[in-house]
Every structure is written in structure tokens, then in C-alpha cells.
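Chains A and B supply the protein sequences, listed in that same order.
When you line the first sequence up against my numbering, it's residues 11 to 138, in that order.
When you line the second sequence up against my numbering, it's residues 507 to 632, in that order.
Report on the structure given below.
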Amino acid sequence: MSLISSFNRFLGLDAADKGVGHWWAQRLTAVALVPLGLWVVFAFASLGDFSYKLVVIFIQAPMNSALLILTLLMLSYHSKLGVQVVIEDYVHDTILKSIILISASFVHVVVVVVGVFSVLKISLGTPG
Amino acid sequence: MDKVERPLSPHLQVYRPQITMVLSILHRGTGLALSLGALVLACWLMVVAIGEAAYSDARVLLSSSLLKVCYIGWCCCFFYHLANGVRHLVWDLGIGLERVQYQVSGWLVILFTFAASACYALVVII
Chain A
11 MSLISSFNRF LGLDAADKGV GHWWAQRLTA VALVPLGLWV VFAFASLGDF SYKLVVIFIQ
71 APMNSALLIL TLLMLSYHSK LGVQVVIEDY VHDTILKSII LISASFVHVV VVVVGVFSVL
131 KISLGTPG
Chain B
507 MDKVERPLSP HLQVYRPQIT MVLSILHRGT GLALSLGALV LACWLMVVAI GEAAYSDARV
567 LLSSSLLKVC YIGWCCCFFY HLANGVRHLV WDLGIGLERV QYQVSGWLVI LFTFAASACY
627 ALVVII
């Protein structure tokens with residue numbers, strides 16, 4: 011029998027075995043983000059004045075689109091896990107903690123969907 | 507159930523700052539800052555996807571001096587979080603956990619952050 015309420019299970023606040031998954035996901039995304047993060051930072055340095063044409067040409071290059079999408083996936087997941095731990099450590103009120111955890115999850119989902127969709131639209135479609 | 511306000515044992519305020527704890531706090535702080543950066547990155551991509559008119563409107567905001575300061579901050583945060591993150595990954599392998607080792611690697615992280623940020627700033631400006 012499980013002693014955890016289904017609501018807390020939904021929030022990911024259940025037993026320690028879930029922590030292993032969290033730990034691994036955080037490390038794996040961290041490893042992926044070493045090259046991806048460096049790539050983004052140096053790609054930005056090559057974008058000069060960030061004019062619309064330059065930016066679109068950059069994002070439309072297939073390799074860049076793929077790497078941007080990969081970065082968005084890894085970054086938002088890594089960020090979600092990190093922010094979750096900070097909230098769990100510092101927000102002690104159960105209800106407030108739940109609200110902030112849920113909001114943080116939603117924001118991260120929005121970031122990844124908006125980011126990935128935008129990259130796809132820029133690289134596959136004909137923006138504005 | 508009423509919460510009882512029990513006295514807490516002294517925490518951060520009674521400790522002399524040590525490199526291990528300062529870097530640990532910075533790792534969290536820079537991580538949170540970079541999360542905000544991810545949000546701005548997604549907004550930027552969205553504006554590019556909307557089109558040229560929206561982009562030129564947004565550029566006024568995106569190239570404001572406030573955000574320029576943020577970009578520099580995010581760069582420093584990135585290089586710090588990167589170097590200290592690699593330090594954490596090495597620790598996860600069970601390496602570098604001796605007193606001298608984690609102090610030296612801590613100072614190396616600080617050195618790397620300043621050097622990489624400075625080089626990056628120079629490259630971007632030139």
C-alpha cells in the first residue's frame with residue numbers, strides 16, 4: 011500500500027526512488043548542455059548586430075535548427091529540475107509550494123513549446 | 507494543526523564564508539538567472555517567428571541598456587554555471603573530493619569564469 015496521496019504523487023512529491031530519476035535526468039541534461047550551451051553562446055557571438063535577415067538565415071540552417079531544438083529541450087528540462095529543487099528547499103508551506111511548483115512546470119512547458127514551435131516555423135515556413 | 511515556532515539553530519549567519527558554500531550558493535543563483543534567460547530566449551525566437559515588423563519593434567526592447575546589462579550577466583552566469591557544473595559532474599564520479607582538490611577546483615572555476623567572460627566580451631565587441 012502506498013502512503014502517498016495521489017495528489018502528491020501527481021506533483022512528483024513521492025518516494026525516494028523518483029529522486030534517482032531526477033538525479034540522472036539532471037546529470038544527463040547537464041552533460042548534453044555542455045556542448046549545446048557553448049554552441050549557443052558562440053553562435054550568438056557570430057550574429058553581429060542581430061539584424062532580422064542574419065537571425066533568420068542562421069535559424070533556418072538545418073543544423074542550427076536541429077541544435078536549437080535540442081538545446082531548448084535539454085535546457086528547459088534541466089531548468090525545470092533545478093528550479094523544482096530550489097522551490098522544494100525554500101518554500102515550506104505545502105499549498106504555496108504546490109502552486110509554485112505547478113506554475114514553474116507550466117512556464118517550462120510554455121518555454122519549450124513556444125521555442126521549438128518558433129524554430130520550426132522559422133526554418134520550415136515563411137515568417138512574416 | 508498549529509505550527510509551533512520553535513527556535514532554530516543558527517544557520518548561514520554564523521559561518522565565515524567558505525569557498526565551497528559561496529560557490530554552491532552561486533551555482534543556484536546563476537542557475538535561476540539562466541532559467542530566466544531561457545524564458546527570454548523563447549520570447550526572442552517567438553518574435554523572430556512572428557515576423558520582421560514584430561522583430562524590429564522588439565529590438566527596441568531587446569537592445570535596451572537594461573537588457574544589455576542582463577546579456578553580460580547571463581554570459582558570466584553561463585560560464586560560471588558551466589565550469590562549476592563540470593566540477594559537480596567530476597565529483598559525481600567520485601573524483602576531486604579531497605579538501606585541497608575542491609578548494610583548488612573552486613578557485614579554477616572562479617578564474618575560468620572571469621577569463622572566459624572577459625574573452626567573450628572582447629570577441630563580441632571586436
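We put the CB at the ideal spot given by N, CA and C, even for glycine.
Keep in mind it's a predicted model, so treat the numbers as computed, not measured.
Between B/S611 and A/V96, the alpha-carbon positions lie close to 24 Å from each other. In summary, the residues of the segment 558-572 of chain B whose CB is separated from some CB of chain A by less than 9 Å are E558, A559, A560, Y561, S562, R565, L568, S569, in the order they occur in the chain. Not one beta carbon of chain A lies nearer than 7 Å to the beta carbon of B/G602. By the rule that beta-carbons nearer than 7 Å mark a contact, B/G591 touches chain A. In this structure B/V606 is exposed. Its beta-carbon is surrounded by fewer than 16 other beta-carbon atoms within 10 angstroms. Taking 7 Å as the cut-off, the beta carbon of B/T536 is found closer than this to the beta carbon of B/H587. Distance from the CA of B/F618 to the CA of B/I525, rounded to the nearest whole angstrom, comes to 15 Å. At a cut-off of 7 Å between beta-carbon atoms, A/G29 makes no contact with chain B.
The CB of A/A40 comes closer than 8 Å to the CB of G591, H594, L595 in chain B, given here in chain order.
Residues of the segment 84-112 of chain A that bring their beta carbon within less than 7 Å of a beta carbon in chain B comprise L85, S86, S89, G92, V93, V96, in sequence order. Chain B has no Cβ within less than 7 Å of the Cβ of A/A53. Looking only at A/L57, A/S56, A/I67, A/M84, the smallest Cα-Cα distance to A/K131 is reached by A/I67.
As for any alpha helix (DSSP H) of minimum length 4 sitting wholly inside the segment 556-623 of chain B, the runs are 558-568, 571-598, ordered along the chain. In the structure shown, the three-state DSSP call for B/R522 is coil. Here DSSP, grouped into helix, strand and coil, assigns A/F116 to helix. Three or more beta-carbon pairs drawn from the segment 534-551 of chain B and the segment 91-111 of chain A are found closer than 8 Å, and the two stretches are therefore classed as touching. The continuous alpha helix (DSSP H) containing A/L77 extends over residues 72-100. At a beta-carbon threshold of 7 Å, the residues of chain A lying near B/F584 are G47, V51, ordered along the chain.
For B/D598 and B/K574, the gap between their C-alpha atoms comes out near 35 Å.
Using a 10 angstroms sphere on the CB of B/G543, the tally of other CB atoms reaches 16 or more, which defines it as buried. At a C-beta separation below 8 Å, B/Y626 has these neighbours in chain A: V51, A55. When C-beta atoms of the segment 55-71 of chain A are compared with those of the segment 111-125 of chain A, fewer than three pairs fall below 8 Å, so the two segments do not count as touching. Interface with chain A (7 Å Cβ-Cβ cutoff): B/G537 is included. DSSP places B/R534 within a helical segment (H, G or I) once states are collapsed to three.
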